[in-house]
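Line by line, the protein sequences give chains A and B.
For what it's worth, this note's numbering labels the leading residue of the first sequence as 36, then goes sequentially.
For what it's worth, this note's numbering labels the leading residue of the second sequence as 36, then goes sequentially.
For each residue, glycine too, the CB sits at the ideal point set by N, CA and C.
Only a predicted model underlies this, so the values are computations on that prediction, with no experimental measurement involved.
Contents: one structure, followed by commentary.
Number of protein chains: 2
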Amino acid sequence: MQENRTRILEAAARVYAQHGYRGATTRRIADEAGVNEITLFRHFGTKSALLDCVAHECGIVENVPPLPSDPVHPERELTAWVQARMDHLRSMRQLLLQAMSELQERPDMGPCVGHGPVDAANQLRDYVVRLRRRGLLDTRDGTGLRPLELNAAVAMLMNASFGDAISRPMMPEMFPSPQSKAAGAYVRVFLRAIGHRPADSDLTVVRGSEPTLVRGATRKGRHTPSKSITE
Amino acid sequence: MQENRTRILEAAARVYAQHGYRGATTRRIADEAGVNEITLFRHFGTKSALLDCVAHECGIVENVPPLPSDPVHPERELTAWVQARMDHLRSMRQLLLQAMSELQERPDMGPCVGHGPVDAANQLRDYVVRLRRRGLLDTRDGTGLRPLELNAAVAMLMNASFGDAISRPMMPEMFPSPQSKAAGAYVRVFLRAIGHRPADSDLTVVRGSEPTLVRGATRKGRHTPSKSITE
DNA sequence: CTTACATGCAAGTAACAACTTGCACACAAA
DNA sequence: TTTGTGTGCAAGTTGTTACTTGCATGTAAG
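Okay, here's the thing in structure tokens:
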């Protein structure tokens with residue numbers, strides 16, 4: 036019967052997200068949980084122990100489906116992935132902000148911001164490498180991006196989704212609207228930046244009279260197929 | 036002789052940036068300022084009044100030089116601009132984090148995060164419009180970016196610089212290294228995404244055998260010269 | 001010199017936060 | 001029934017915070 040324990044943990048996460056460490060008083064947490072303040076101490080001993088538990092149990096959510104190991108339709112796949120990540124980030128917005136602002140003073144909440152973003156960036160980098168191996172990227176000399184720029188592009192897409200999820204509520208004018216189309220727009224900009232050349236099956240989607248990129252020299256860039264983009 | 040007043044204000048800004056509103060106790064601020072705690076009250080009355088002053092006087096810094104109204108060398112100009120913005124953001128990192136995390140609970144510090152980023156985004160948008168008017172962007176049908184994607188590209192560059200300045204210390208693996216080359220990399224990715232076609236004078240810089248983008252159809256996109264990219 | 005003002009120091013108040021202790025009640029397993 | 005466990009309630013302790021009052025000091029202008 037540790038129903039109360041989880042109630043307290045969830046309440047603590049909510050209160051912490053809204054008020055920060057110092058503002059998350061034991062009284063407020065107990066009230067939010069609908070539990071006596073003493074019960075809280077009997078379960079967790081101290082306030083910091085309680086918030087440590089919160090930090091360690093909030094990082095395990097991360098139910099964003101991974102990018103496919105076999106790229107078929109990059110725009111569709113990336114858009115779904117970015118959208119899922121943004122939804123997830125939005126749901127943790129306040130908690131992330133608090134954890135980030137207090138990370139220096141109180142590294143306990145570190146696991147909360149944790150490795151999620153870093154893992155996601157690595158995932159995206161690997162995906163781009165796969166795209167390149169499949170010849171889906173334009174890699175002509177003088178045109179193909181060098182590792183530095185590819186990493187920059189990855190960072191830009193990650194920061195776009197992160198910043199959109201975190202900052203849009205406080206400065207909506209800065210972000211593309213409507214919000215529902217932002218993820219797709221970020222992905223299209225990203226693909227264009229890394230020189231994505233749609234496969235033949237995708238060319239039917241193109242609306243204009245001319246294809247998006249110059250044809251020919253199609254499989255020329257294959258000379259460095261196994262090179263990672265980590266410099 | 037209001038030397039003490041400014042000393043208190045600066046100390047309050049530092050302490051607030053490090054500890055947040057609740058953690059910025061009057062005692063800590065007074066100690067940091069090397070001033071008796073009572074002096075603080077005699078000057079500002081209350082703690083919240085003091086921090087209000089901090090919020091209103093911290094927004095007036097913003098010494099980032101504007102983008103040139105007459106684009107000549109976009110990569111160079113944008114890189115300098117982005118670099119200056121990142122330096123500025125880095126210097127306000129902790130203060131921004133605190134203000135953002137507490138903005139819901141205590142909008143007093145709102146002026147601190149304020150309109151800086153929004154203004155910068157508008158500046159960048161205007162700059163892109165000028166680039167397009169000058170025919171420096173590839174605007175062929177099916178290739179040129181629609182307003183949604185242009186806004187997305189702008190948001191991505193803004194968020195890249197913001198996220199780099201704010202988040203790099205806590206997750207360095209996510210960002211292109213070395214840090215000193217990040218701004219330039221973001222700008223190159225951005226320019227590539229919005230279809231920047233270097234002017235003839237810039238073509239000498241291109242290292243490869245082929246020019247970056249297809250020539251011809253040079254001034255074709257001029258049919259909508261005055262259209263803003265705000266949809 | 002005197003007046004005014006800014007500051008420092010000592011002491012205290014009222015509120016609140018993190019806990020503790022002691023006792024009582026309910027309920028379930030032994 | 002007994003025993004243990006989880007919970008609630010009342011009250012109190014200890015420390016901190018925001019803020020006040022009263023008084024003494026230095027210093028610069030009149």
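How many Å lie between residue i and residue j at the Cα?
i, j, result
"residue 49 (chain A)", "residue 130 (chain A)", "8 Å"
"residue 105 (chain B)", "residue 172 (chain B)", "15 Å"
"residue 216 (chain A)", "residue 203 (chain A)", "14 Å"
"residue 197 (chain A)", "residue 66 (chain B)", "37 Å"
"residue 74 (chain A)", "residue 42 (chain A)", "11 Å"
"residue 195 (chain A)", "residue 225 (chain B)", "12 Å"
"residue 44 (chain B)", "residue 181 (chain B)", "46 Å"
"residue 212 (chain A)", "residue 183 (chain B)", "7 Å"
"residue 227 (chain A)", "residue 227 (chain B)", "8 Å"
"residue 53 (chain A)", "residue 169 (chain A)", "46 Å"
"residue 113 (chain A)", "residue 92 (chain B)", "43 Å"
"residue 102 (chain A)", "residue 59 (chain A)", "37 Å"
"residue 51 (chain A)", "residue 167 (chain A)", "43 Å"
"residue 158 (chain A)", "residue 80 (chain B)", "53 Å"
"residue 76 (chain B)", "residue 82 (chain B)", "8 Å"
"residue 154 (chain A)", "residue 154 (chain B)", "32 Å"
"residue 140 (chain A)", "residue 139 (chain B)", "21 Å"
My guess is that residue i and residue j are in contact by the Cβ rule of under 8 Å, so how many angstroms apart are they, rounded?
i, j, result
"residue 64 (chain B)", "residue 46 (chain B)", "5 Å"
"residue 68 (chain A)", "residue 187 (chain B)", "Not confirmed; about 41 Å, so no contact."
"residue 97 (chain B)", "residue 223 (chain B)", "That pair is no contact at about 26 Å."
"residue 132 (chain A)", "residue 135 (chain B)", "6 Å"
Spatial neighbours of residue i within its chain, please: C-beta separation below 7 Å, excluding the five flanking residues on both sides.
i, result
"residue 125 (chain A)", "200"
"residue 229 (chain B)", "163, 172, 180, 185 and 188"
"residue 128 (chain A)", "200 and 201"
"residue 137 (chain B)", "55, 56 and 144"
So the candidates are the options; which of them puts its Cα closest to the Cα of residue i?
i, options, result
"residue 190 (chain A)", "B:229, B:86, B:66 and B:210", "B:210"
"residue 71 (chain B)", "B:231, B:229, B:214 and B:40", "B:40"
"residue 38 (chain A)", "A:156, A:163, A:166 and A:78", "A:78"
"residue 90 (chain B)", "B:161, B:148, B:101 and B:113", "B:148"
"residue 119 (chain B)", "B:218, B:154 and B:232", "B:218"
"residue 151 (chain B)", "A:206, A:141 and A:214", "A:206"
"residue 160 (chain A)", "B:167, B:208, B:160 and B:137", "B:208"
"residue 214 (chain B)", "B:154, B:232, B:121 and B:103", "B:121"
"residue 232 (chain B)", "B:76, B:82, B:107 and B:80", "B:107"
Sorted by chain position, which residues of the same chain lie with C-beta nearer than 6 Å to residue i's C-beta, five sequence neighbours on each side aside?
i, result
"residue 123 (chain A)", "99"
"residue 268 (chain A)", "Absent from the structure is residue 268 (chain A), since the part of chain A shown begins at 36 and ends at 266."
"residue 143 (chain B)", "87 and 90"
"residue 116 (chain A)", "102"
"residue 165 (chain B)", "106"
Whose C-beta lies closer than 8 Å to the C-beta of residue i among residues of the same chain, with five residues either side of it excluded?
i, result
"residue 156 (chain B)", "189, 190 and 193"
"residue 57 (chain A)", "none"
"residue 62 (chain A)", "72"
**Request:** Please go through the stretch 41 to 84 of chain B and give each complete alpha helix (DSSP H) segment of 4 or more residues, from N-terminal end onward.
**Result:** The stretch 41 to 84 of chain B is shown to contain whole alpha helix (DSSP H) runs of 4 or more residues at 61 to 68 and 72 to 79, in chain order.
**Request:** Write down every uninterrupted run of the beta strand (DSSP E) in the stretch 152 to 189 of chain B whose length is 3 residues or greater and which is fully enclosed by it, in chain order.
**Result:** Taken in chain order, the complete beta strand (DSSP E) segments of 3 or more residues contained in the stretch 152 to 189 of chain B number zero; there are none.
**Item:** Ordered list of alpha helix (DSSP H) runs contained in the stretch 189 to 229 of chain A, each at least 4 residues
**Value:** List check, alpha helix (DSSP H) in window: 217 to 228.
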